[in-house]
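Trainee:
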Amino acid sequence: MWSYEKRLQYPVNIKEPNAQIAQVIMSQYGGPDGELGASMRYISQRYTMPYNEVAAILTDIGTEELAHLEMVSTIVHQLTRNLSMEEIENSGFANYYVDHTVGIWPMAAGGIPFNSCEFQSKGDAITDLFEDMAAEQKARSTYDNILRLVHDSDICEPIRFLRAREIVHFQRFGEALRIVQDKLDSKNFYAFNPEFDRCKS
Amino acid sequence: MNSDKERLLHEIGVIDFVVVEMTEYLDTHPTDKEAMEYLNHYVRMKNQAMREYAMKYGPLRISDADGCRQNEWKWATQPWPWEGGC
Amino acid sequence: MCLSGTVIVPYHTIVLKNPRVYERKTMQDYSFNEYFDRFPIAMAYVPWQHLTNIFENLDEAYRIGTIFPELEKPFTGRRCVK
Chain H
0 MWSYEKRLQY PVNIKEPNAQ IAQVIMSQYG GPDGELGASM RYISQRYTMP YNEVAAILTD
60 IGTEELAHLE MVSTIVHQLT RNLSMEEIEN SGFANYYVDH TVGIWPMAAG GIPFNSCEFQ
120 SKGDAITDLF EDMAAEQKAR STYDNILRLV HDSDICEPIR FLRAREIVHF QRFGEALRIV
180 QDKLDSKNFY AFNPEFDRCK S
Chain D
0 MNSDKERLLH EIGVIDFVVV EMTEYLDTHP TDKEAMEYLN HYVRMKNQAM REYAMKYGPL
60 RISDADGCRQ NEWKWATQPW PWEGGC
Chain X
0 MCLSGTVIVP YHTIVLKNPR VYERKTMQDY SFNEYFDRFP IAMAYVPWQH LTNIFENLDE
60 AYRIGTIFPE LEKPFTGRRC VK
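Residue numbers (numbering that gives the first Met the number 0), protein chains in the order written: chain H, 0 to 200; chain D, 0 to 85; chain X, 0 to 81.
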């Protein structure tokens, strides 16, 4: 189960509201490669993983992603909490505002609401770890895209932190895959699905 | 502005970050004894720092709520992290 | 670094006196034949990280986003259009 610490993993203190940037950063909350999807992906995949070390890394990274979605939501909140009606009207934020005011609701920048189609939990150890490695690269690419767009250092600093975490997580999932590979027959890694075809011994 | 409070919160951030990084490393390197010693050192520091913060400024975890002198339930009434400052 | 109370005592003096390889060999260490036996095709392999270095300045490591220098890969891209 989970416990909560009343602090952010990395500080967020944004002084200037900016509705346009908020809409873009929202993608790292509820978008296809965002932190909410990442967390749900890893936490969902861990139940049928037959290797304890891999279940551990899925749990621990899945938990860290919850801390990240909190940071991203905080960035969006601090960028929008003090918007004037003029800023809302002129920044293209009116469509979100009419349904959510300045509340926080997970969706992609392009408008698709968060949903489970944004991740897969295939129930196959090798497949799921490749999914996880791809997810970390997609998140990193999204942060690269944000860093090209944003120049406010209050925003860039926590974004750079989040981006660095994706690279570390990629390495960990790669190592988890090596662990799975070591437990299978290298002559044919795909002979069976260790999550389904054999019992955990 | 309370600089001791900010300093302590920053140190908790750094210490906990080290714990998270080393935890994830150990998940995939479960027999690395040096890493485990390193982690144990920082886990102890984190507990010490969290208790100190709770005693002086209010709990960051419910499990530290007994460490505060409180007339009110500070966990709920003190500011929340997304408001800025932590 | 700190006032009374919590002090971050760096651990680097205690560990990593003898940095060593965690796993037996990396892919590059294998001869041509061993490489193909150890790492068959139709699969991808991520090299193991070995615990060789940790940033001494942990405040800086926190800002960077990792305690491991080998995993620091900052973004320096910018769009160029002719």
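Every residue gets a Cβ at the ideal spot worked out from N, C-alpha and C, and that includes glycine. Just so you know, these numbers come straight off a predicted model, no measurement behind them.
Output the distance between the C-alpha atoms of H/Val23 and H/Thr62, rounded to the nearest integer angstrom.
Mentor: Looking at the two C-alpha atoms, the distance is approximately 24 Å.
Trainee: Using the Cβ count rule (16 or more neighbours within 10 Å means buried), how would you classify X/Glu55?
Mentor: Classification of X/Glu55: exposed, given that the 10 Å Cβ count is below 16.
Trainee: Closer than 8 Å is the cut-off here; do at least three beta carbon pairs connect the segment 43-53 of chain D with the segment 185-196 of chain H?
Mentor: Output reads no: the segment 185-196 of chain H does not touch the segment 43-53 of chain D.
Trainee: So the alpha helix (DSSP H) H/Ile166 belongs to, where does it begin and stop?
Mentor: Element bounds for H/Ile166: 152-182.
Trainee: Helix, strand or coil for D/Met21, going by three-state DSSP, please let me know.
Mentor: D/Met21: helix per DSSP, three-state reduction.
Trainee: Going by beta-carbon coordinates alone, are H/Glu135 and H/Phe160 separated by less than 8 Å?
Mentor: No, the Cβ-Cβ distance between H/Glu135 and H/Phe160 is not below 8 Å.
Trainee: Nearest-angstrom Cα distance between X/Phe38 and X/Tyr44?
Mentor: Each residue's Cα considered, the two are about 8 Å apart.
Trainee: Please go through the same chain and pick out, in chain order, the residues whose beta-carbon is closer than 8 Å to the beta-carbon of X/Gln48, but skip the five residues on each side of it.
Mentor: Here the set comprises Tyr21, Phe67, Glu69, Leu70.
Trainee: In the segment 4-34 of chain D, which residues sit with their C-beta less than 9 Å from some C-beta in chain H, listed in chain order?
Mentor: Listed in sequence order: Leu8, His9, Ile11, Gly12, Asp15, Phe16, Val19, Glu20, Thr22, Glu23, Tyr24, Leu25, Asp26, Thr27, His28, Pro29.
Trainee: Quick check: what's the CA-CA separation for H/Asn81 versus D/Met35?
Mentor: Computed Cα separation, rounded: 46 Å.
Trainee: Consult DSSP for H/Met48 and reduce its assignment to one of helix, strand or coil.
Mentor: Of the three classes helix, strand and coil, the one that applies to H/Met48 here is coil, per DSSP.
Trainee: Please look up how many angstroms separate the CB atoms of H/Arg139 and H/Ile158, rounded, as I've assumed it's under 8 Å.
Mentor: Not quite, the Cβ-Cβ distance comes to about 11 Å (not below 8 Å), so this is no contact.
Trainee: Please state whether DSSP places X/Pro73 in a helix, a strand or coil.
Mentor: Looking at X/Pro73 - three-state DSSP - the assignment turns out to be coil, as it is neither helix nor strand.
Trainee: State whether the segment 178-188 of chain H contacts the segment 17-32 of chain H, with contact taken as three or more CB pairs (one from each stretch) at a distance under 8 Å.
Mentor: No, the segment 178-188 of chain H does not touch the segment 17-32 of chain H.
Trainee: Applying a beta-carbon distance threshold of less than 8 Å, which residues of chain H neighbour D/Arg60?
Mentor: The contacting residues are Ser2, Tyr3, Glu4, Lys5.
Trainee: Any idea if D/Asp63 is buried or exposed, counting beta-carbon neighbours within 10 angstroms, 16 or more meaning buried?
Mentor: D/Asp63 comes out buried.
Trainee: Please tell me whether X/Thr65 has its Cβ less than 8 Å away from any Cβ of chain D.
Mentor: Yes, X/Thr65 counts as interfacial toward chain D.
Trainee: Can you list the residues of chain D that X/Tyr61 reaches, using a CB-CB cut of under 9 Å?
Mentor: Neighbours of X/Tyr61 on chain D, chain order: His9, Gly12, Val13, Phe16, Val17.
Trainee: When DSSP labels each residue in this structure, what does D/Met44 get in the three-state scheme?
Mentor: Residue state, collapsed to three classes: helix.
Trainee: Where does X/Tyr29 fall in DSSP's three states?
Mentor: Low confidence applies here, because X/Tyr29 scores a pLDDT of 45, under 50, leaving its location unreliable; read the following figure in that light. In this structure, X/Tyr29 counts as coil in the three-state DSSP scheme.
Trainee: Is the segment 118-129 of chain H in contact with the segment 39-56 of chain H, if contact means three or more CB pairs nearer than 8 Å?
Mentor: At 8 Å Cβ cutoff, the stretches touch.
Trainee: Taking 8 Å as the CB-CB limit, is D/Trp153 close to chain H?
Mentor: Because residue 153 of chain D is not part of the residues shown, which for chain D are 0 to 85, the question remains open.
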